[in-house]
Structure formats: structure tokens, C-alpha cells
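Below is one structure, written out as C-alpha cells; comments come after it.
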Amino acid sequence: VFKNVVRAPDIPVYAVMVAYREDSSPVKLNLGMGVYRTEEGKPLLLDVVRQAEKLLVNDLSANKEYLPITGMPEFNKLSAKLVFGDDSPAIKENRVITVQCLSGSGSLRIGAEFLAKHYHQRIVYLSQPTYGNHPNLLAAAGLSLKTYRYYDPLTHGLDFQGMLEDLAGASSGAIVLLQVSGHNPTGVDPTLEQWEQIRQLMRLKGLLPYFDCAYQGFVSASLDADAQSVRMFVADGGECLVAQSYSKNMGLYGERVGALSIVCKTANVASLVESQLKLVIRSMYSNPPIHGASIVTAILKDRDMQSQWTNELKLMTDRISNMRRQLYNALRDKDQLAMDVVCLAGTPGDWSHIMRQVGMYSLTGLNPEQVAFMTREYHIYMSSDGRINMAGLSSKGVSHLVDAIHAAVTL
Ligand code: PLP
Numbered sequence: 014v015f016k017n018v019v020r021a022p023d024i025p026v027y028a029v030m031v032a033y034r035e036d037s038s039p040v041k042l043n044l045g046m047g048v049y050r051t052e053e054g055k056p057l058l059l060d061v062v063r064q065a066e067k068l069l070v071n072d073l074s075a076n077k078e079y080l081p082i083t084g085m086p087e088f089n090k091l092s093a094k095l096v097f098g099d100d101s102p103a104i105k106e107n108r109v110i111t112v113q114c115l116s117g118s119g120s121l122r123i124g125a126e127f128l129a130k131h132y133h134q135r136i137v138y139l140s141q142p143t144y145g146n147h148p149n150l151l152a153a154a155g156l157s158l159k160t161y162r163y164y165d166p167l168t169h170g171l172d173f174q175g176m177l178e179d180l181a182g183a184s185s186g187a188i189v190l191l192q193v194s195g196h197n198p199t200g201v202d203p204t205l206e207q208w209e210q211i212r213q214l215m216r217l218k219g220l221l222p223y224f225d226c227a228y229q230g231f232v233s234a235s236l237d238a239d240a241q242s243v244r245m246f247v248a249d250g251g252e253c254l255v256a257q258s259y260s261k262n263m264g265l266y267g268e269r270v271g272a273l274s275i276v277c278k279t280a281n282v283a284s285l286v287e288s289q290l291k292l293v294i295r296s297m298y299s300n301p302p303i304h305g306a307s308i309v310t311a312i313l314k315d316r317d318m319q320s321q322w323t324n325e326l327k328l329m330t331d332r333i334s335n336m337r338r339q340l341y342n343a344l345r346d347k348d349q350l351a352m353d354v355v356c357l358a359g360t361p362g363d364w365s366h367i368m369r370q371v372g373m374y375s376l377t378g379l380n381p382e383q384v385a386f387m388t389r390e391y392h393i394y395m396s397s398d399g400r401i402n403m404a405g406l407s408s409k410g411v412s413h414l415v416d417a418i419h420a421a422v423t424l
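What follows is the structure, encoded as C-alpha cells:
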């Protein structure tokens, strides 16, 4: 009965991972999938997570019964505080409803399903470019996708005017997906002044902000500083949605732990929204898993463990900054040796955007042909849009990467 099923295209980021695994070259580099690697190129299990797991194993009162549909209440409370701040008036006024979901992706999908059923506008605007799974997660819920300008390939920075123009021209009441910090794939975030202008414009036009918070703490190592954008929107008393992920900042990728918060105008509306979120979740997976949320809760509720977490976050962000510096220096020095070579890339002599971009990624400006060349000739695996996962690079891979980039742009 399934013989007419048509083969689906490969999912690019997984195809890159498979190709990397199958490559036997000793110099191969995986800069594709967005996961953190140590200087030795290994996955990192945070010490604080290990410690939390030990506590959980020894907790004799623990059980494996079903969680409520909306997840673990303490986890939800702590997650809301993490993103909105300890003193958030919206939390104190009970205007925020938070539900535990299956990581950032699951949170985004639950929020999209809720909006498709209960919000009057189906159009959602996505940054151009955006995280590859955003269109799938939102369209699958029945939302219609449009884009707003975001990245300027000439400056490798924000196309702020383009963004404002597109938001100003957006259909009234449209949903706008915004990334809280550490924008994937560009590594480009608005400044706080720019966020303020975005906020004013969106509120003026009645656009609904839907925040994706997948990298809190990965830009500045300050959890508070990295959440400023969303807090500005909450401070004005208006509505917004926030999908949170603990994949990157706690290294809990495979535990699938995250949360969706919906900030409402009143506590009464928040309770109505919660009742409908329960129906959405019930029909999709009934209730979320225990383990990851227990780890997060153990860490967030304990002052010492929380500070140990932020220390470990800082080690990760420092290592990423160090990689940016090393890559930039090596490219700059290599360029000086080859000043008179005609280069083909957009900005072959200026790689300073690698230093300016923030978070886990750098959108290098390398084009798909150059990336394909680097994979073929240098065994370097990355997404075809030229995005490098800076957290996948280590000191010993820098010179090989620079050789490959240099060869690619001087072809
Ligand atoms: N949002 C963004 C911007 C991401 O980059 C990712 C993962 O890379 C996600 C959401 C989803 O991640 P997860 O489902 O693991 O939380």
C-alpha cells in the first residue's frame, strides 16, 4: 500500500553529518550541525549536569509516573524566570503561562499549533535567512510563511533598514518570529537600540512577537543580558510568545527539554490560553518526558549549581570567542601573503565579520560552490550557505580551515 510513496529529499544538516561520518580522512572537520565541541573535538557533558543526574539517581522519592500535560510545574516556573527575569511583573501578575515542551522545536510547534487555532492572523514573518527548521515547524501547523529582510551580504551585518521596511509593510496583526540572541545562521543580532525601534514599530502595527530563545547565555555568557530583547517586549505590557531550548546552553540536546511561554494581557486570559494549550499538547504527545526537565530544575533551583552552570557557560563562550579570534587572525595573515591574487568571494580580504558576529555561528560569505570545493578537496563539512559552527572548530583545525577557505576564494 505504500509503494507509491515518493522518496523525500535529504534533510541538509543531517546529510552533511552522514557524509562527514563516512569520510575516512584524518583531517576532516565537521562545522555543520549546531552542537558544541570541546577543544579536543568531543561532545561536552557539563559537570553541573552530571552532578544533577547524580542527585536524581539518589532521590528515593523519585518515580516515573506521567507528568501533567503541561509538564513539571517547578520547571515551568524556573524557565519563565530564566527568560523573563526574577522580578518580571508579568510573572508576578500571573499573566504568563509556561508549558514544558520537547525542546525548542517542540515548543515552537506547540506555539504554532495554538496560534493556528486561536489567533486571527495566520501569516508569520521569518528573518531572511533563518534556522532551517523554522519554516517546517510553522508551516506544518498551518501558518503561512513570509520573510523580512535581516542579513546584509555586503556588510555581513544586519540589514536594519530593510528589516524595518518589511515589518512596516507587514499585514496587520501578523506574527513575527524573532530570535532572542545568537541568531542562527547569521550570528548577527540587533543592538538594544535597534531592538527598541523594532519593538515600537511592531507594537504600533499590532504585530505579534514570537521569540525563539535557543541560545540564551551563548552570546555574552550572561543569561540576563542575552534575554534583554524579549524582556523589552514584556516590559511594555503587550503579548508575546517565547519558545525556549536547553539544548545548547545546558548541552541537553538529546534530552529534548524546553518550554513555551505565552505572555497575556491579564491573568484571566492566561488561564484560558493554558486550557487550550493543554488540548493542543494532549492531541500531539499527551505529556512531556521527566528526565531532562528534572535536570534543569535541579540546576535552576540551587544557587550553587546555577552559578556552576554559568561558569561552564562562560568556558564555552570563551572558547568560541577564542576560535573566532584565531580564525580571523589566521585568515588575515594568510590574506596578507596573497594580496595580489584575484579573489572570487564577496569580501575576500576582509574577514572581520567573523569577529563581529556573535553566538555559535558565523555566516562567512562563502558560496555553495566554494563550500562544495572545500568539502571535496579539504574534507570540511558545513552547510551550503557558508555557515560555520564556530563551536565545532578547535585550534588544531584552524590552519586547515584557512587553507581551504583561501583556496576556495582564490580558485
Ligand atoms: N531554534 C534555533 C534558532 C535553533 O538553532 C535550533 C537548533 O539548532 C532550535 C530552535 C531547535 O533546537 P532544539 O529543538 O534542539 O531545542
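Using the UniProt record's numbering, the first residue of the sequence shown is number 14, and each one after it goes up by one. No residue lacks a Cβ here, since even glycine has one placed at the ideal position from N, Cα and C.
C-alpha distance - residue i paired with residue j, whole-angstrom precision
i	j	result
Q241	S233	11 angstroms
G124	I188	11 angstroms
F173	T160	14 angstroms
G200	V96	20 angstroms
D72	R162	50 angstroms
V255	L273	6 angstroms
L221	T168	29 angstroms
H147	L57	26 angstroms
S74	L68	11 angstroms
P302	T83	11 angstroms
F386	E178	37 angstroms
A164	Q207	Here the sequence assigns Tyr to residue 164, which means Ala is not the residue at that position. Near 14 angstroms, if we compare the C-alpha coordinates of Q207 and Y164.
L128	L121	11 angstroms
L357	A421	Its pLDDT being 42, under 50, L357 is placed unreliably by the model, and the measurement read from it follows with that caveat. Each residue's Cα considered, the two are about 8 angstroms apart.
R212	M245	8 angstroms
V31	G54	17 angstroms
V193	E382	31 angstroms
Q319	R20	46 angstroms
L406	Y33	14 angstroms
L42	D363	23 angstroms
E252	A404	34 angstroms
D346	N335	16 angstroms
D416	R338	16 angstroms
L115	E390	39 angstroms
Y27	T388	15 angstroms
V243	S235	14 angstroms
Pair within 8 angstroms by beta-carbon distance, residue i and residue j
i	j	result
N402	L44	yes
M373	Y341	no
I418	L344	yes
L329	Y138	The displayed chain sequence assigns Met, not Leu, to residue 329. Not a contact, by the Cβ cut-off of 8 angstroms.
V286	C277	yes
L376	G399	yes
A183	K218	yes
L180	F224	no
A294	V109	Before going further, note that residue 294 is Ile rather than Ala in the sequence given. No.
A238	G117	no
S396	P81	no
A65	I312	yes
N197	Q229	no
L171	P142	no
Y259	G305	yes
T310	F88	yes
V62	I308	yes
S408	Q257	no
Q321	D60	yes
V40	H413	yes
Run of the alpha helix (DSSP H) containing residue i, from where it starts to where it stops
i	result
T388	P381 to Y391
A283	A280 to M297
G119	S116 to H131
I401	That residue, I401, is in no alpha helix (DSSP H); its beta strand (DSSP E) goes R400 to N402.
E106	No alpha helix (DSSP H) contains E106, which DSSP labels as neither H nor E.
K67	D60 to V70
G410	S408 to V422
L91	P86 to F97
Q370	Element bounds for Q370: n/a, residue is neither H nor E.
V26	P25 to E35
Q241	Q241 to A248
Residue i: first and last residue of the uninterrupted beta strand (DSSP E) it sits in
i	result
F224	L221 to C226
V270	V270 to V276
S258	C253 to S258
Y374	Y374 to L376
heavy atom of the ligand GDP below 7 angstroms from residue i C-beta
i	result
Q321	As far as ligands go, the structure on display features the ligand PLP and does not contain the ligand GDP.
For the ligand PLP, residues whose Cβ lies under 5 angstroms from any non-hydrogen atom: G47, S116, G117, S118, Y144, N197, D225, A227, S258 and S260
Contained alpha helix (DSSP H) runs [length at least 4] in the region 172-227, N- to C-terminal order: 173-181 and 205-218
Those runs of the alpha helix (DSSP H) which lie wholly inside the region 136-166 and span at least 4 residues: 147-152
Segments of 4+ residues assigned as alpha helix (DSSP H) that fall wholly inside the region 294-353: 304-313 and 316-350
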